[in-house]
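This report concerns only the one structure given below.
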Amino acid sequence: MNNYSYQFYGRRKGRGYKRFNQQMLKFNNFDFFLKPHDLNKYSSFSNNILEIGFGNAENLINISKKYSNISFIAADPYLNSCFKLCKVLTKHKLKNVKIWADDIREIIKLFPENIFDLILILHPDPWPKNKHKKRRLVQQYFIDFLARILKKNGKILLSSDENNMKSWILEQFHVRQDFEWYVKNVNICNKKPFCLVNSKYSKKAISVGNKINWFVYRKL
Ligand SMILES: C[S@@+](CC[C@H](N)C(=O)[O-])C[C@H]1O[C@@H](n2cnc3c(N)ncnc32)[C@H](O)[C@@H]1O
1 MNNYSYQFYG RRKGRGYKRF NQQMLKFNNF DFFLKPHDLN KYSSFSNNIL
51 EIGFGNAENL INISKKYSNI SFIAADPYLN SCFKLCKVLT KHKLKNVKIW
101 ADDIREIIKL FPENIFDLIL ILHPDPWPKN KHKKRRLVQQ YFIDFLARIL
151 KKNGKILLSS DENNMKSWIL EQFHVRQDFE WYVKNVNICN KKPFCLVNSK
201 YSKKAISVGN KINWFVYRKL
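The working numbering applies: residue 1 is where the sequence shown begins, and numbers increase by one.
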């Protein structure tokens, strides 16, 4: 594994955090959060999906409701989003999702190898300025981590509406020998995969006229 260093630059808490935190006490008996010592279990599950940066969790909720046989790990350091997700998981009695309420890079090295069929990174924070490019999540060392935890033929699905980020994703994966760009057809990159719904974030992007692209990479 390469040497690397990183720092988290996004928000961890927003308005309403205290309220969410208090409400969480009501859910004390529920086992929402991923515990590092449970990670080995995932090697024995047949279908696992990791979503990194789930935000308002529109996609996570939609897919996990439809496929109760798939186990999901959902990571986001923004605590308001994590608390909101706990409420939805409780409401819909969804037992197949575990939340990592922190930077994914804090735990990714502890995941067993070759466990995920799919990794979703939808609209990663774009950090559009060139001087902030080191803050972008998708970096070579990070793709090394993803490669280790994906199964052979497993896929990474990324999306963005920000042009610098789109080029960045293409550049970062272009140099990889361990991934192939699964869908090179531009028309398909312009089309939302059928399994996804529009999130609040993507709806906002569309409303200001931004074009969203989707990129799928397959681990060789
Ligand atoms: C622009 S939002 C997109 C949210 C959602 N995926 C969507 O498509 O609507 C990016 C999300 O990534 C999360 N995020 C940023 N850095 C992260 C990291 N290192 N690990 C996990 N999540 C991260 C942020 O907290 C935020 O919720």
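In this text, a Cβ means the ideal position worked out from N, Cα and C, and glycines have one as well.
Tyr78 has its Cβ nearer than 6 angstroms to a heavy atom of ligand 1.
Residue pairing by DSSP leaves Phe111 without any beta bridge partner.
Less than 7 angstroms separates the beta-carbon of Asp76 from that of Phe54.
Of the candidates His174, Met24, Leu146, Val216, Met24 places its Cα closest to the Cα of Cys86.
Spanning the alpha carbons of Ile206 and Pro126 requires a straight line of approximately 16 angstroms.
If you look at Arg19, you'll find it in the alpha helix (DSSP H) that goes 17-24.
Under the DSSP definition of a beta bridge, Ile52 partners with Ala75. In the structure shown, Asp117 adopts extended strand secondary structure according to DSSP, grouped into three states.
Assigned with DSSP and collapsed to three states, Leu34 falls in coil, not helix or strand.
Listed in chain order, the beta strand (DSSP E) elements of length 3 or more contained wholly in the segment 121-207 are 150-160, 179-181. Here the segment 58-76 makes no contact with the segment 139-148; the two share fewer than three CB pairs at distances below 8 angstroms. Burial state of Glu51 is buried, judged by a 10 Å Cβ sphere holding 16 or more other Cβ atoms.
By the beta-carbon neighbour count (other beta carbons within 10 angstroms, threshold 16), Asp103 is buried. Contact between the segment 88-101 and the segment 31-47 is present: three or more C-beta pairs spanning the two stretches fall below 8 angstroms. For Tyr4, the three-state secondary structure derived from DSSP is coil. One thing to note: Ile212 has its Cβ no nearer than 7 angstroms to the Cβ of Leu118. Nearest Cα to Asn47 within the set Leu137, Gly209, Ile99, Leu150: Leu150.
Look at Gly55: its beta carbon is less than 6 angstroms from one of the heavy atoms in ligand 1. Judged by DSSP secondary structure, Asn213 falls within the beta strand (DSSP E) whose first and last residues are 213-219. Distances taken from the Cβ of Gly209 to the heavy atoms of ligand 1 include none shorter than 6 angstroms. Closer than 6 angstroms to some heavy atom of ligand 1: that does not describe the Cβ of Gly154. In this structure, ligand 1 has no non-hydrogen atom nearer than 6 angstroms to the beta-carbon of Ile212.
Annotation for Gly10 indicates a beta carbon within 6 angstroms of some heavy atom of ligand 1.
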